[in-house]
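The structure appears right after this line, and notes come after that.
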Amino acid sequence: MSHQSTRSLVFVLACAVLGIASATSAYAAPTCTAQQGQLLIDAGRYKQAVNEFTCVIAADPTGIEGYRGRIEAQLLLGQYSNAFRDYARVSAVVTPVHPDAESIILAGYAARLETAPDDITALVGVSFARWALLRLPRSHQCARSPPRY
Numbered sequence: 000m001s002h003q004s005t006r007s008l009v010f011v012l013a014c015a016v017l018g019i020a021s022a023t024s025a026y027a028a029p030t031c032t033a034q035q036g037q038l039l040i041d042a043g044r045y046k047q048a049v050n051e052f053t054c055v056i057a058a059d060p061t062g063i064e065g066y067r068g069r070i071e072a073q074l075l076l077g078q079y080s081n082a083f084r085d086y087a088r089v090s091a092v093v094t095p096v097h098p099d100a101e102s103i104i105l106a107g108y109a110a111r112l113e114t115a116p117d118d119i120t121a122l123v124g125v126s127f128a129r130w131a132l133l134r135l136p137r138s139h140q141c142a143r144s145p146p147r148y
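In numbering that gives the first Met the number 0, the protein residues as written are 0 to 148.
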């Protein structure tokens with residue numbers, strides 16, 4: 000094989016590999032969004048909303064909205080222990096990256112309730128958020144002092 004043929008073959012193989020890699024990365028890009036998850040909640044499709052928000056969390060494990068939305072959908076399905084577990088994850092995983100995560104969640108509910116004070120899903124979400132967030136140790140508190148028994 001000549002030097003020119005070898006170069007051509009390497010070029011063709013490189014293009015093929017890059018084409019496969021870009022097609023794979025385009026295929027692997029998640030198409031889920033927190034907005035779509037909220038629309039599913041608003042439509043009463045809570046199981047689908049849990050799946051949508053789970054996808055959002057997988058794409059951004061320290062993001063706030065994925066957890067907030069999945070918690071809300073779980074509550075509306077009566078999955079209270081799953082919702083509480085997710086608030087524990089917010090405290091352990093999200094709050095160290097976003098120290099204001101709790102206030103962002105509560106402010107989001109406040110904004111929703113300001114425009115629609117009878118929004119049952121927002122009322123359920125904010126009530127549970129206030130209850131759960133008071134009961135979970137803050138990640139920064141755990142790091143500073145040992146638990147008291």
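Backbone N, C-alpha and C fix where the C-beta goes; we use that ideal spot for every residue, glycine too.
Residue 105 versus 88, 75, 127, residue with shortest Cα-Cα distance: 127
Coil, strand or helix - residue 135 by DSSP: coil
Distance CB(residue 53)-CB(residue 97) smaller than 8 angstroms: no
For residue 123, the nearest candidate out of 74, 48, 82 (CA to CA): 74
Contact under 8 angstroms by Cβ, residue 132 with residue 86: One thing to note: residue 132 has its Cβ within 8 angstroms of the Cβ of residue 86.
Chain-order list of residues whose beta-carbon lies under 8 angstroms from that of residue 152 (same chain, five-residue window excluded): Because the chain in this structure spans residues 0 to 148, residue 152 falls outside the shown range and cannot be described.
Cα-Cα separation between residue 129 and residue 44, rounded to whole angstroms: Distance between the alpha carbons of residue 129 and residue 44 is about 24 angstroms.
Cβ distance (whole Å) where residue 120 is taken to contact residue 40 below 8 angstroms: The C-beta separation of residue 120 from residue 40 comes to about 6 angstroms, placing the pair in contact by the 8 angstroms criterion.
Same chain, Cβ closer than 7 angstroms to residue 135, five either side skipped, listed in chain order: Within the same chain, 86, 87, 90 come within 7 angstroms of residue 135 by CB-CB distance, once the 5 residues on both sides are set aside.
Other residues of its chain near residue 83: CB distance less than 6 angstroms, five sequence neighbours each side excluded: 131
Limits of the alpha helix (DSSP H) - the one that residue 54 falls within: Taken as a continuous stretch (DSSP letters only), the alpha helix (DSSP H) holding residue 54 covers 45-58.
Alpha helix (DSSP H) segment containing residue 94, residue limits: Careful: residue 94 lies outside any alpha helix (DSSP H) and carries neither H nor E.
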